[in-house]
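Below is one structure, written out as structure tokens, with a few remarks after it.
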């Protein structure tokens with residue numbers, strides 16, 4: 545399944561970005577990249593959903609901006625399988641998150657369906673505030 549973000553959240557696309565590994569981080573947030581506003585955490589939704597490391601090299605990253613609890617903008621980066629496509633959404637397309645896709649629930653704020661396919665809408669603040677499960681006894 546594919547996810548969507550608001551058009552205003554995507555501020556830059558980067559192809560084959562220079563990433564740096566951060567040891568001891570979960571696979572879905574194992575890298576950072578240098579950007580004009582400093583180091584950005586790079587989150588990989590597909591790794592987060594599957595719980596397995598990425599099998600193919602990452603070729604496209606979207607730099608996103610969003611608001612946290614304070615009014616200052618926050619920035620992050622999302623691994624993309626391909627460059628994004630714009631979808632103009634109608635309110636009538638709103639739907640519940642399918643039972644089979646409840647793993648999205650912690651990070652999405654809504655869902656819509658078009659062409660028979662549901663699209664969870666990411667809440668970037670919730671996603672970038674995820675904390676890994678503790679490891680160990």
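Numbering (the numbering used here), first residue to last: 545 to 681. Note that the Cβ used here is the ideal one computed from N, Cα and C, for glycine as well.
Residue i, enclosing alpha helix (DSSP H) - first and last residue
i: residue 670; result: 668-672
i: residue 592; result: 589-594
Per-residue burial, residue i [other beta carbons within 10 Å of its own, 16 or more giving buried]
i: residue 569; result: exposed
i: residue 665; result: buried
i: residue 627; result: exposed
i: residue 672; result: buried
i: residue 564; result: exposed
i: residue 632; result: exposed
i: residue 581; result: exposed
i: residue 583; result: exposed
i: residue 552; result: exposed
i: residue 622; result: buried
i: residue 547; result: buried
Boundaries of the beta strand (DSSP E) in which residue i is found, first to last residue
i: residue 654; result: 652-658
i: residue 608; result: 604-611
i: residue 618; result: 617-624
i: residue 599; result: Looking at the DSSP string, residue 599 is not in any beta strand (DSSP E), and its letter there is neither H nor E.
Nearest residue (CA-CA) to residue i, options the options
i: residue 577; options: 630, 637 and 619; result: 619
i: residue 674; options: 552, 592, 580 and 617; result: 592
i: residue 600; options: 658, 560, 643 and 546; result: 560
i: residue 589; options: 629, 661, 658 and 648; result: 648
Inter-residue CB distance, residue i and residue j (contact presumed, cutoff 8 Å)
i: residue 624; j: residue 606; result: 5 Å
i: residue 549; j: residue 609; result: The pair is not a contact, with the Cβ atoms about 10 Å apart (cut-off 8 Å).
i: residue 638; j: residue 663; result: With 8 Å as the limit, residue 638 and residue 663 do not qualify as a contact, their Cβ atoms being about 11 Å apart.
i: residue 585; j: residue 573; result: 6 Å
i: residue 652; j: residue 668; result: With a Cβ gap of about 10 Å, residue 652 and residue 668 do not count as contacting.
Paired residues, beta bridge with residue i - DSSP
i: residue 563; result: 577
i: residue 661; result: 658
i: residue 548; result: 665
i: residue 557; result: 606
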